[in-house]
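When you line the sequence shown up against this note's numbering, it's residues 22 to 268, in that order.
From the three backbone atoms N, C-alpha and C, an ideal C-beta is built for every residue, glycine too.
This structure is a prediction, so every number in the text was calculated from the model and none was measured.
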Amino acid sequence: MEVEKELGDTYQELNQYKGINERLDSLLAEANTTIDQQKERIEKMLKNEKNSASLNKKLRAELEEIKKLRDEYLDKIDKLLVENDQLKKDKQELTTTVENLSKNLETTVNTASVLKSEYMNVKSYKKRGGSKYSETAMAKRTNKMEVCFSVLENKIAKAGEKEVYLRIVEPGGKTMGATSQGSSTFKMANSGEEVQFTATTKINYDNSKQDVCLKWEEQERVFAPGTYVVEVYVDGNLSAASSHILK
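What follows is the structure, given as structure tokens:
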């Protein structure tokens, strides 16, 4: 029966986030209690309701209630995941992959004229309709990723137009981006290697600190859960690196 399947699917979908933290587990316990109560109500309805037309009407109403319940709890879970990820970003070191990138970065920025970037902030968003977005930590809800950072002051560097490249590398190792949507490759300054980028922009650098934001949006894309490595290059030199986790 569709209504019973929907209950089972809702239980399974919500409880995949169990064990992440105490607040989330408490919310899931509340959700499971509500699901159990609804299950009991449906079982009683199936047992006592003799009129098939009336029963079908009530079951359709219950089905809509289950879907509404699922979406409400998914929104609450998503909010807690976003908060949890922010706490981790404040307290944890970067992943091993990013640590290795940072070591390369330290070597690179020893060249005084290379522009270094800091204060990188990576966020993922769900499109809610029109031009409205809300932050999300769930892979399957993500439509857009935005990366903001500051290119730092460097009085030695040559002022003028600078090409800034963003690379977002998926958990499977593939760089996000498609040539058909304007993404292509750039040449790394230290090795000459051609590397694919996700997004790019130009800045008019005047040797002072400059804030930059780049985004990548793909409405039909299904984002995989896992760790995304984020790299920023300025004129082909690695300028900053970070990571972003989608549940």
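State yes or no: is the C-beta of residue i within less than 8 Å of the C-beta of residue j?
i, j, result
"residue 134", "residue 260", "no"
"residue 180", "residue 244", "no"
"residue 12", "residue 183", "This structure cannot speak to residue 12, because the chain is shown only from 22 to 268."
"residue 233", "residue 189", "no"
"residue 172", "residue 230", "yes"
"residue 267", "residue 178", "no"
"residue 91", "residue 34", "yes"
"residue 140", "residue 170", "yes"
"residue 44", "residue 95", "no"
"residue 46", "residue 39", "yes"
For residue i, is the classification buried or exposed, using 16 other Cβ atoms within 10 angstroms of its Cβ as the cut-off for buried?
i, result
"residue 83", "buried"
"residue 144", "buried"
"residue 254", "buried"
"residue 264", "buried"
Leaving aside the five residues before and after residue i along the sequence, list all residues of the same chain whose C-beta is less than 8 Å from its C-beta, in chain order.
i, result
"residue 28", "56, 59, 60, 63, 87"
"residue 66", "76, 79, 80, 83"
"residue 192", "245, 246, 247, 248, 249"
"residue 223", "182, 183, 184, 185"
"residue 36", "49, 53"
Within the same chain, show all residues whose beta-carbon is closer than 6 Å to that of residue i, passing over the 5 residues directly before and after it, in chain order.
i, result
"residue 148", "154, 164"
"residue 162", "147"
"residue 174", "229, 230"
"residue 210", "257, 258"
Can you find the residues in the same chain that come closer than 7 Å, C-beta to C-beta, to residue i, ignoring five residues on each side of it along the sequence?
i, result
"residue 215", "206, 208"
"residue 219", "187, 188, 189, 196, 197, 198, 204, 237"
Notebook entry, point to check: Where are the alpha helix (DSSP H) runs, 4 residues long or more, that stay fully inside the stretch 43–104, in chain order?
Noted result: Segments of the alpha helix (DSSP H) lying fully in the stretch 43–104: 43–69.
| request: Report the residue ranges of all beta strand (DSSP E) runs contained in full by the stretch 174–227; include only those spanning at least 3 residues, in chain order. | output: Counting only runs of 3+ residues, the beta strand (DSSP E) found wholly inside the stretch 174–227 occupies 181–190, 206–208, 215–217, 220–226, in chain order.
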